[in-house]
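Trainee:
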Amino acid sequence: PRRDFISVTLSPEEAVGAGGYNNSKAWRRRSCWRKWKQLSRLQRSVILFLFAFLAVCGVISYTSMGEPWKSLTNKSLDDQRTEPEIPGLKLANPAVLPAPQKADANLGDNPELSPQKPPKQPHVRRGPSNLQIKPPRRDVRLKTRHDTSRVVEEPVQADKEEKTEKSIISWRGAVIEPDQSTELPSSKIKELEKPSSVEAEYQKEPVPINERQMAVIEAFRHAWKGYKDFAWGHDELKPLSKSYSEWFGLGLTLIDALDTMWILGLKEEFEEARKWVANDLVFDKNVDVNLFESTIRILGGLLSTYHLSRDNLFLEKAKDIGNRLMPAFKTPSKIPYSDVNIGRGTAHPPRWTSDSTVAEVTSIQLEFRELSRLTGDEKFQKAVDEVMKHVHTLSGKNDGLVPMFINTNSGQFTHLGVYTLGARADSYYEYLLKQWIQGGKKENELLEDYMRAIEGVKKHLLQRSQPKKLTFVGELAHGHFSAKMDHLVCFLPGTLALGAHNGLTADHMKLAEALIETCYQMYAQVETGLSPEIVHFNLHAQKGHKDVEIKPADRHNLLRPETVESLFYMYRFTGDKKYQDWGWEILQNFNKYTRVPTGGYTSINNVQNPSNPEPRDKMESFFLGETLKYMFLLFSDDIDLVNLDKYVFNTEAHPLPIWVPA
Numbered sequence: 070p071r072r073d074f075i076s077v078t079l080s081p082e083e084a085v086g087a088g089g090y091n092n093s094k095a096w097r098r099r100s101c102w103r104k105w106k107q108l109s110r111l112q113r114s115v116i117l118f119l120f121a122f123l124a125v126c127g128v129i130s131y132t133s134m135g136e137p138w139k140s141l142t143n144k145s146l147d148d149q150r151t152e153p154e155i156p157g158l159k160l161a162n163p164a165v166l167p168a169p170q171k172a173d174a175n176l177g178d179n180p181e182l183s184p185q186k187p188p189k190q191p192h193v194r195r196g197p198s199n200l201q202i203k204p205p206r207r208d209v210r211l212k213t214r215h216d217t218s219r220v221v222e223e224p225v226q227a228d229k230e231e232k233t234e235k236s237i238i239s240w241r242g243a244v245i246e247p248d249q250s251t252e253l254p255s256s257k258i259k260e261l262e263k264p265s266s267v268e269a270e271y272q273k274e275p276v277p278i279n280e281r282q283m284a285v286i287e288a289f290r291h292a293w294k295g296y297k298d299f300a301w302g303h304d305e306l307k308p309l310s311k312s313y314s315e316w317f318g319l320g321l322t323l324i325d326a327l328d329t330m331w332i333l334g335l336k337e338e339f340e341e342a343r344k345w346v347a348n349d350l351v352f353d354k355n356v357d358v359n360l361f362e363s364t365i366r367i368l369g370g371l372l373s374t375y376h377l378s379r380d381n382l383f384l385e386k387a388k389d390i391g392n393r394l395m396p397a398f399k400t401p402s403k404i405p406y407s408d409v410n411i412g413r414g415t416a417h418p419p420r421w422t423s424d425s426t427v428a429e430v431t432s433i434q435l436e437f438r439e440l441s442r443l444t445g446d447e448k449f450q451k452a453v454d455e456v457m458k459h460v461h462t463l464s465g466k467n468d469g470l471v472p473m474f475i476n477t478n479s480g481q482f483t484h485l486g487v488y489t490l491g492a493r494a495d496s497y498y499e500y501l502l503k504q505w506i507q508g509g510k511k512e513n514e515l516l517e518d519y520m521r522a523i524e525g526v527k528k529h530l531l532q533r534s535q536p537k538k539l540t541f542v543g544e545l546a547h548g549h550f551s552a553k554m555d556h557l558v559c560f561l562p563g564t565l566a567l568g569a570h571n572g573l574t575a576d577h578m579k580l581a582e583a584l585i586e587t588c589y590q591m592y593a594q595v596e597t598g599l600s601p602e603i604v605h606f607n608l609h610a611q612k613g614h615k616d617v618e619i620k621p622a623d624r625h626n627l628l629r630p631e632t633v634e635s636l637f638y639m640y641r642f643t644g645d646k647k648y649q650d651w652g653w654e655i656l657q658n659f660n661k662y663t664r665v666p667t668g669g670y671t672s673i674n675n676v677q678n679p680s681n682p683e684p685r686d687k688m689e690s691f692f693l694g695e696t697l698k699y700m701f702l703l704f705s706d707d708i709d710l711v712n713l714d715k716y717v718f719n720t721e722a723h724p725l726p727i728w729v730p731a
């Protein structure tokens with residue numbers, strides 16, 4: 070078909086003159102206006118409303134954000150001007166606690182280290198720092214950081230000496246600003262006050278180290294010399310053969326002693342131990358460890374040292390070992406196995422049984438709960454809390470007293486009818502109270518179980534000996550009472566006193582006073598003045614017989630801490646000097662019968678033979694981790710040296726902070 074076309078040609082001038090598009094601003098304005106007019110009235114109203122709404126929001130945002138932004142900008146500029154580098158203090162992560170000081174350092178030689186004293190009148194202060202802090206919180210650390218910066222910028226011209234006295238206190242690397250209206254507290258234990266804030270605590274003048282504490286420091290250094298010379302990096306020292314023994318191959322003695330060195334102020338020893346932890350402590354190895362022992366000694370020791378030193382190295386190591394211990398909880402009942410291979414990530418019960426001991430599975434809670442709090446990972450606390458909730462519901466108890474064994478498959482108590490506060494059950498009762506304290510006294514199930522258990526002790530296990538009528542805790546086996554008492558039971562007076570201090574019934578303190586007398590007599594009535602591992606009490610008066618009888622298989626002494634531990638609690642809460650005197654006697658007898666001249670202390674086989682106590686050639690790690698630490702604290706008159714209103718000790722004497730509301 071035919072197609073017709075029409076052709077029209079326009080010149081550029083004609084197109085422009087006719088109103089064609091030429092990309093000019095005037096054209097674009099006319100085009101936009103034309104499109105706007107083409108919109109309906111509703112569309113134009115909606116668009117205008119949106120623009121008005123956005124404008125109002127912008128004004129409100131500017132008003133609310135302007136001042137904070139200005140304040141933040143000014144604060145940032147101030148920080149840049151007021152935060153010079155301070156030797157020994159990392160401002161990015163400031164230490165809550167001051168660094169340890171050498172025990173033999175003379176602070177009077179350096180005016181800046183004489184707290185609350187002018188340089189012209191130096192005063193010797195030799196002692197460990199106050200270890201009294203709240204659990205670490207970011208706002209507290211930041212406040213400490215800015216306070217420290219402001220103090221450093223104080224004028225240092227002609228009035229420097231006066232301001233050193235009135236404005237600045239420098240104590241073991243911590244620089245703080247005291248409140249001039251606050252008087253220094255007495256160093257004597259006359260009344261126990263509620264703990265003050267972190268800032269207020271630093272205002273207190275440190276209590277000087279006394280002669281008995283210096284004797285403890287000397288004993289520690291002697292023991293440490295043997296370990297360093299003959300067993301460095303290994304689990305335990307064999308001082309007589311000048312060698313070592315291995316249990317887990319993880320440097321148990323060194324880790325157990327870390328926080329002891331900090332508390333005693335042994336800076337050089339602490340630093341060399343820290344280097345070993347940083348460079349040589351490796352958990353990725355094919356070795357079976359006991360869940361309970363590695364938790365209380367290694368995990369507890371690392372967590373405690375982290376809190377005292379604020380060194381993240383120890384927290385990272387704690388997280389590592391904590392994760393490696395978690396396979397123990399992979400059981401049908403959630404009751405953990407006793408042994409874990411920390412390299413392979415497997416766990417198993419002992420070769421001879423599928424049971425775990427009750428004390429072991431219920432005495433790891435303080436450490437795992439604290440690890441969860443620090444890391445924010447709930448799995449650690451959840452695992453150990455499930456154990457306590459399960460045990461709370463079990464049958465087989467006798468007025469709150471628990472059997473010694475629990476099956477990991479069924480989750481039920483085994484070997485029913487045998488009740489003791491000695492080995493395999495002791496720290497279950499201790500951790501009931503201490504978990505309640507650690508958690509802020511909110512977990513009533515724990516308190517109920519503890520109170521019921523103490524009533525069970527009174528009803529079934531308490532007796533009096535002859536002739537001195539000493540109150541002691543025996544054992545019950547299928548209804549038959551035995552007048553046998555382990556030295557381990559001597560933890561109980563201190564635990565009872567701690568409970569009474571935290572508001573429990575006053576008769577707990579009366580019982581504590583009676584039991585600590587018995588524990589002391591377990592030393593005093595023995596020829597060497599050292600307690601055996603186990604004693605039997607006479608229930609009937611016999612001519613020529615003492616209250617305490619010792620069987621040949623039980624007369625060894627392992628340098629245990631339980632009696633000294635309870636003496637510390639009793640002195641801290643009562644101020645009665647006799648408890649210090651009893652501890653001093655025990656320390657002297659340790660020096661007399663267990664000290665090895667070339668370094669270290671040794672367990673002995675026969676506490677009844679002063680001429681030949683038969684040394685066993687082994688220094689347990691808890692001698693440095695517990696016994697000497699509690700000795701040092703016992704001899705201190707400073708209630709703020711590990712304040713018991715802010716710290717709770719685990720069963721290996723590693724202090725962990727009591728939780729407070731954020």
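Numbering-wise (our numbering), the sequence shown opens with residue 70 and increments by one.
Ideal Cβ positions, reconstructed from N, Cα and C, are used throughout, including at glycine.
#1: Which residue wins for smallest C-alpha separation from Y552, given the options K612, D576, N392 and V604?
#2: May I have the straight-line CA-CA distance separating I332 from S363, to the nearest angstrom?
#3: Once the 5 residues before and after F317 are set aside, which same chain residues still bring their CB inside 7 Å of it?
#4: Does the contact criterion of 3 or more C-beta pairs under 8 Å hold for the region 419 to 436 versus the region 473 to 493?
#5: Ignore the nearest five residues each way along the sequence and tell me which others in Y699's own chain have a CB closer than 7 Å to its CB.
#6: Residues in its own chain within less than 7 Å of D518 by CB, not counting five upstream and five downstream?
#7: Classify V471 as buried or exposed, calling it buried when 16 or more other Cβ atoms lie within 10 Å of its own Cβ.
#8: With a CB to CB cut of under 7 Å and the five nearest residues on each side skipped, what residues in its chain are close to N719?
#9: DSSP on V165, reduced to helix/strand/coil?
#10: By the DSSP assignment, the beta strand (DSSP E) with R521 in it spans what residues?
#11: Across the region 436 to 455 and the region 515 to 530, are there enough close Cβ pairs to call them in contact, namely three or more that are closer than 8 Å?
#12: Suppose contacts are defined by Cβ-Cβ distances below 8 Å. Is N478 in contact with P405 by that definition?
#13: Could you check where the beta strand (DSSP E) with A581 kicks off and where it finishes?
#14: In terms of alpha-carbon separation, which member of I506, K294 and D328 lies closest to G694?
#15: Sort E280, A342, V276 and L319 by Cα distance to K297 and report the nearest one.
#16: Grab me the residues of L309's own chain with a C-beta within less than 7 Å of its C-beta, minus the 5 sequence neighbours each way, in chain order.
#17: Check for me: the alpha helix (DSSP H) holding V460 runs from which residue to which?
#18: CB-CB under 6 Å to H614, same chain, minus the five flanking residues each way: which ones, in chain order?
#19: So what does DSSP say about T213, is it helix, strand or coil?
#20: Report the CB separation of F352 from R393 in whole angstroms; it is logged as a contact under 8 Å.
#21: Which partner residues does H549 have in the DSSP bridge list?
#22: What does DSSP give as the partner residues of A307 in its beta bridges?
#23: Taking the straight line between their C-alpha atoms, what separation do you get for A284 and G598?
#24: If you draw a straight line from the C-alpha of K528 to the C-alpha of D576, how long is it?
#25: Comparing alpha-carbon positions, which option in A622, L530, I619 and E385 lies nearest S441?
#26: Tell me the DSSP secondary structure of H723 in three-state form.
#27: Output the residue ranges of the alpha helix (DSSP H) runs that lie fully inside the region 378 to 435 and measure 4 residues or longer, sorted by chain position.
#28: Measuring CA to CA, which of Q677, P679 and W653 is closest to L280?
#29: With respect to the alpha helix (DSSP H) encompassing H570, which residues constitute its N-terminal and C-terminal limits?
#30: Is it buried or exposed, Q611, if we count other Cβ atoms within 10 angstroms and call 16 or more buried?
#31: So the candidates are M578, E586, I708 and P621; which of them puts its Cα closest to the Cα of R641?
#32: Considering only DSSP beta bridges, list what Q532 is partnered with.
#33: Among L108, N476, E337 and K307, whose alpha-carbon lies nearest the alpha-carbon of T667?
#34: Taking the beta strand (DSSP E) that Y716 belongs to, which residues open and close that run?
#35: To which residues of the same chain is C588 closer than 6 Å at the C-beta, ignoring the five residues directly before and after it?
#36: Go ahead and pull the three-state DSSP assignment for E618.
Mentor: Let's see:
#1: Note on identity: in this sequence residue 552 is Ala, with Tyr being the wrong assignment. By alpha-carbon distance to A552, the top candidate from K612, D576, N392 and V604 is V604.
#2: Rounded to whole angstroms, I332 to S363 spans 22 Å at the Cα level.
#3: Here the set comprises D304, V356, V358 and S363.
#4: These segments touch.
#5: So the list reads P630, V633, E634, F637 and A722, once near-sequence residues are dropped.
#6: Cβ within range, chain order: H461, G469 and L501.
#7: Burial is judged here by how many other beta carbons sit within 10 angstroms of a residue's own beta carbon; V471 has at least 16 and is buried.
#8: Excluding residues within five positions, the ones whose Cβ falls inside 7 Å are I365, G369, L435, E436 and L725.
#9: Its pLDDT being 37, under 50, V165 is placed unreliably by the model, and nothing is read from it.
#10: Not the beta strand (DSSP E): R521 falls in the alpha helix (DSSP H), residues N513 to G525.
#11: In short, these stretches do not touch, since the Cβ pair count stays below three.
#12: Taking C-beta atoms as the reference points, N478 and P405 fail to come closer than 8 Å.
#13: Premise fails: A581 lies in the alpha helix (DSSP H), D576 to A593, not in any beta strand (DSSP E).
#14: Of I506, K294 and D328, the residue nearest in Cα terms is D328.
#15: Out of E280, A342, V276 and L319, A342 has the C-alpha closest to the C-alpha of K297.
#16: Residues V665, T671, P684 and D686 of the same chain have their beta carbon placed closer than 7 Å to that of L309, with the five preceding and five following residues left out of the count.
#17: In this chain, the alpha helix (DSSP H) harbouring V460 covers K448 to T462.
#18: Only N607 meet the Cβ criterion.
#19: Here the model assigns T213 a pLDDT of 39, short of 50, so the residue's position is not dependable, and the following value carries that caveat. In the three-state reduction of the DSSP assignment, T213 falls in the helix class.
#20: In this structure, F352 and R393 form a Cβ contact; the two beta carbons are roughly 6 Å apart against a cut-off of 8 Å.
#21: Note: H549 sits in a beta bridge opposite A546.
#22: A quick correction: the sequence has Lys, not Ala, at residue 307. Answer by DSSP bridge pairing, in chain order: S312.
#23: Distance between A284 and G598, taken at the CA atoms: about 18 Å.
#24: Per the coordinates, the alpha-carbon of K528 lies some 14 Å from the alpha-carbon of D576.
#25: Nearest C-alpha to S441 among A622, L530, I619 and E385: E385.
#26: Reduced to three states, the DSSP call for H723 is coil.
#27: Taking only runs of at least 4 residues, the alpha helix (DSSP H) segments lying wholly in the region 378 to 435 are 381 to 394 and 427 to 430.
#28: The sequence shown places Glu at residue 280, rather than the Leu named in the question. Measuring from the Cα of E280, the nearest candidate turns out to be W653.
#29: The continuous alpha helix (DSSP H) containing H570 extends over residues L561 to H570.
#30: Exposed, because fewer than 16 other Cβ atoms sit within 10 Å of the Cβ of Q611.
#31: Nearest of M578, E586, I708 and P621 to R641, Cα basis: I708.
#32: Paired residue(s): F541.
#33: Comparing Cα positions, the closest option is K307.
#34: Y716 to F718 is the span of the beta strand (DSSP E), which, as asked, contains Y716.
#35: If you ignore the 5 residues before and after C588, its C-beta comes within less than 6 Å of the C-beta of C559 and T632, all in its own chain and listed in chain order.
#36: Three-state result, E618: strand.
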